[in-house]
Amino acid sequence: MTFELPPDLYINPEFTWGPPAEEMTVDGQSFELYLKDTELFPMEWLRSTLEKEKDEDAHKGRGFEVVKDERRQKAFENERAKTSHKANAQNKNRFNRNAAAMKRGGKRGKNAKRVDYRKKDVVGLPSTVPVNTGVVVYAELQKVDVQKKMLATLPQCKEYGLYGQPFVYDSNMNKVSCARPINLKETEVKEEDYTTFNIMADAVIKDIMKTVASKNPDRPLIVTTDELLSVLMTSHIGDHPWHINVVRFLNSFLLTKEDAESLVDVEWVSETAPVKDRPSEDMPVESERIMSYGTESTKAHKAFQMAGCTPSVAQVKTEKNPFPKTQRRMYRYRLFSIKGANREYDVLVRCTIDAAEKDANLNQFVFIRLFGLLEHRTPDTESAWRKDLVSNASTTMMNAFVLNSCKMTRWVALSLLADASKINIGFLARKVGKRAVESIPTEHQILKVETNDPRNLAKQLHINMAHLWAVADSIFDALVSNMESGERARVVKPSGSTKVLVMEYNDLDDDDEEEEEEEERKREKRMRRKMTTKSSLTNIFKEITSFILFSFLFVVFGSIVTISGASVAHMHTHNKKKKEDERIYDR
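The letter at position 261 of the sequence shown is residue 261 when you use the UniProt record's numbering, and the numbering goes up by one with no holes.
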């Protein structure tokens with residue numbers, strides 16, 4: 001008897017290659033096959049099925065279309081094409097001469113002088129102050145908006161006196177060469193000698209402000225130092241972050257800086273160099289990072305200023321130095337009258353003179369600004385300046401300007417603002433170690449000193465003061481238009497940005513101080529509560545102690561009184577009995 005399956009049981013179909021058409025439906029319901037890694041989203045099954053069937057019916061019989069882009073195809077073919085240079089005895093071009101060398105490696109091989117042009121990601125410095133979303137921004141100055149601005153007329157200048165006597169310039173600095181460099185004495189530099197004081201601590205500034213305000217009380221007055229003004233003038237050139245604080249008092253706008261947090265006084269190295277040649281904060285060697293190089297350059301810059309001065313003092317008729325505890329310098333207080341794009345105002349600037357030199361032709365002292373330019377050396381490379389300065393110093397100056405255009409433009413602006421007769425730029429380099437490719441970051445040498453007239457150098461480097469004044473005018477106009485008397489603001493250059501922000505003052509440190517004060521008040525309140533509780537417990541303890549002591553004394557006193565009464569009664573009884581005995585005896 002044969003065994004037969006019931007007709008209602010499902011019988012598997014015979015094995016065939018590929019999924020049969022019958023398996024695309026189960027019990028009359030269609031389904032799709034998915035890979036295991038295909039992401040499936042929850043959906044309404046009936047609605048999606050109907051939409052899919054409707055879409056298939058609408059595009060039935062329609063296949064893929066081949067789109068031919070001849071331009072992209074040609075570019076692809078050119079990219080993939082290879083140029084073959086065959087060696088020919090009669091062909092005397094460079095490909096034939098180097099055919100054998102190109103087939104092999106080595107000194108003249110095809111990889112001998114290959115340059116890696118891949119873009120290096122530069123890790124920059126963090127912003128000096130955070131730019132929060134809730135902060136009110138008065139103005140946002142983009143680089144493309146200010147780089148073509150020009151002031152119609154250069155400002156008129158009025159002198160308000162010379163203060164302090166400068167040192168005499170050391171003429172031996174002009175004889176320095178790469179063959180006979182001079183070592184810088186950086187360990188002898190005192191930071192307090194080169195501290196740039198804020199205008200808040202300048203008594204001369206206050207007197208001049210009163211004089212100017214009394215003449216034109218309604219005319220806006222910007223009060224600053226040449227250092228901060230030059231930073232604003234070159235704000236669209238540099239890339240590193242900084243910020244400047246602004247305080248308005250009546251119609252005067254005072255520009256100040258924070259000691260080390262604002263980063264306006266750092267002499268950066270290769271700030272405007274190509275990306276592949278710039279320092280980066282992620283460099284494995286700490287001395288090659290942006291901040292380390294900036295600190296090193298600033299110290300070498302100050303050491304060069306100290307080396308360029310003799311102990312002698314120039315005999316120039318000036319007023320008393322407003323900062324007697326610092327190194328002897330001369331300060332020029334100058335008032336610039338600006339006719340800006342939207343308004344007219346004055347800018348009071350305290351300018352600095354580093355040294356003075358006797359001019360034989362004029363028979364008087366001329367004023368000099370000194371600046372130290374540090375060479376940027378990549379690790380395991382020799383100093384290029386030690387060779388280039390011997391052959392062509394002018395080309396080295398132009399190449400250095402390409403790498404440090406922001407810093408050198410600021411130096412020229414500082415010299416022109418102070419009306420200096422000369423600008424002396426010292427080429428500084430790290431001291432060479434045991435090998436030529438080794439360098440010592442803490443020791444530097446002066447390789448050469450270039451002396452120029454600031455006006456001639458400005459023409460040579462294509463620096464236009466009308467353009468720099470126009471950039472500063474854009475920032476000043478935003479401050480005057482938006483600030484009220486008693487308010488504070490900030491001019492901020494964010495990290496990794498080409499724009500400058502003029503925004504309200506919102507210091508997180510102040511918020512932290514308020515939180516600390518609130519915590520201190522809460523702490524004092526808790527302490528007072530504890531002291532109150534402690535005093536209450538102390539009073540209760542004192543009351544209990546007093547009650548116990550009083551009770552003890554009362555009991556003791558009562559016992560004493562009781563004992564005394566008993567003693568008196570006993571004596572009285574004893575005396576009475578004694579008298580009774582005597583009476584009986586007499587009988």
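Backbone N, C-alpha and C define an ideal beta-carbon position, used for all residues, glycine too.
Closest residue to residue i among the options (Cα-Cα distance)
i              : options                        : result
valine 189     : Leu403, Leu417, Met306         : Met306
isoleucine 222 : Val480, Ser485, Val491         : Val480
methionine 150 : Gly340, Leu461, Gly294         : Gly340
serine 235     : Cys178, Leu428, Leu501, Asp453 : Leu501
lysine 276     : Glu186, Arg377, Trp242, Ser337 : Arg377
asparagine 506 : Glu77, Val129, Glu53           : Val129
leucine 447    : Lys422, Leu373, Met398, Ala472 : Leu373
valine 491     : Asn245, Pro126, Leu228         : Asn245
aspartate 453  : Ala470, His467, Ala420         : Ala420
tyrosine 169   : Arg328, Glu438, Arg248, Pro241 : Arg328
leucine 255    : Ala201, Phe304, Ser280         : Ala201
asparagine 363 : Ala314, Lys499, Arg248         : Ala314
For residue i, three-class secondary structure by DSSP
i                : result
proline 217      : coil
tyrosine 293     : helix
tyrosine 160     : strand
methionine 173   : helix
arginine 386     : helix
lysine 107       : Note that lysine 107 scores a pLDDT of 46, beneath 50, so its modelled location is shaky and nothing firm can be said.
threonine 211    : helix
alanine 87       : Confidence is the limiting factor: at alanine 87 the pLDDT is only 48, short of 50, which leaves the residue's position unreliable and the question unanswerable from this model.
alanine 112      : Confidence at alanine 112 is low in this model, with a pLDDT of 47, below 50, so the placement of that residue should be treated as unreliable; the coordinate-derived value is given next. Looking at alanine 112 - three-state DSSP - the assignment turns out to be coil, as it is neither helix nor strand.
asparagine 452   : strand
arginine 278     : coil
histidine 236    : coil
cysteine 309     : strand
lysine 190       : coil
aspartate 346    : strand
glutamine 73     : helix
lysine 302       : helix
asparagine 399   : helix
valine 231       : helix
threonine 326    : coil
valine 146       : helix
valine 432       : strand
alanine 100      : Because the pLDDT at alanine 100 is just 46, under 50, the model does not fix this residue reliably, and the value given afterwards should be weighed accordingly. Here alanine 100 sits in helix by DSSP.
serine 405       : helix
valine 366       : strand
arginine 118     : In this predicted model, arginine 118 has a pLDDT of only 42, less than 50, meaning its place in the structure is not dependable; the value taken from the coordinates is given anyway. Three-state DSSP puts arginine 118 in coil, outside helix and strand.
valine 264       : coil
valine 131       : coil
threonine 196    : coil
threonine 224    : strand
serine 287       : helix
alanine 458      : helix
valine 204       : helix
alanine 413      : helix
phenylalanine 95 : With a pLDDT of 48 at phenylalanine 95, under the threshold of 50, the modelled position of that residue is not reliable, and the figure given next carries that caveat. It is helical.
Opposing strand residues paired with residue i [DSSP bridges]
i                 : result
serine 551        : Beta-bridge pairing links serine 551 to no other residue.
methionine 503    : Val137, Arg490
serine 270        : Serine 270 pairs with nothing; no bridge assigned.
glycine 372       : Gly426
asparagine 183    : Gln445
phenylalanine 167 : Val313, Ala355
serine 439        : Val432
glutamate 319     : Tyr163
Where the beta strand (DSSP E) through residue i begins and ends
i             : result
lysine 358    : 355-359
histidine 243 : 242-249
leucine 255   : 252-256
Proximity below 8 Å, CB of residue i to CB of residue j
i                 : j                 : result
lysine 358        : phenylalanine 365 : yes
phenylalanine 476 : tyrosine 345      : yes
valine 176        : valine 449        : yes
arginine 334      : valine 316        : no
leucine 414       : arginine 369      : yes
valine 137        : methionine 503    : yes
leucine 154       : tryptophan 411    : no
leucine 416       : isoleucine 290    : no
leucine 263       : tryptophan 242    : yes
lysine 499        : leucine 232       : no
N-terminal and C-terminal residue of the alpha helix (DSSP H) that residue i is part of
i                 : result
phenylalanine 476 : 465-482
arginine 332      : Looking at the DSSP string, arginine 332 is not in any alpha helix (DSSP H); the run it does join, the beta strand (DSSP E), is 330-339.
arginine 377      : First-last for arginine 377: undefined, no H or E at that position.
methionine 283    : Segment: none, methionine 283 is in no alpha helix (DSSP H) and carries neither H nor E.
Cβ-heavy atom distance, residue i to the ligand ATP, below 7 Å
i          : result
serine 337 : In the structure shown, the ligand ATP is absent, as is every other ligand, since no ligand is present at all.
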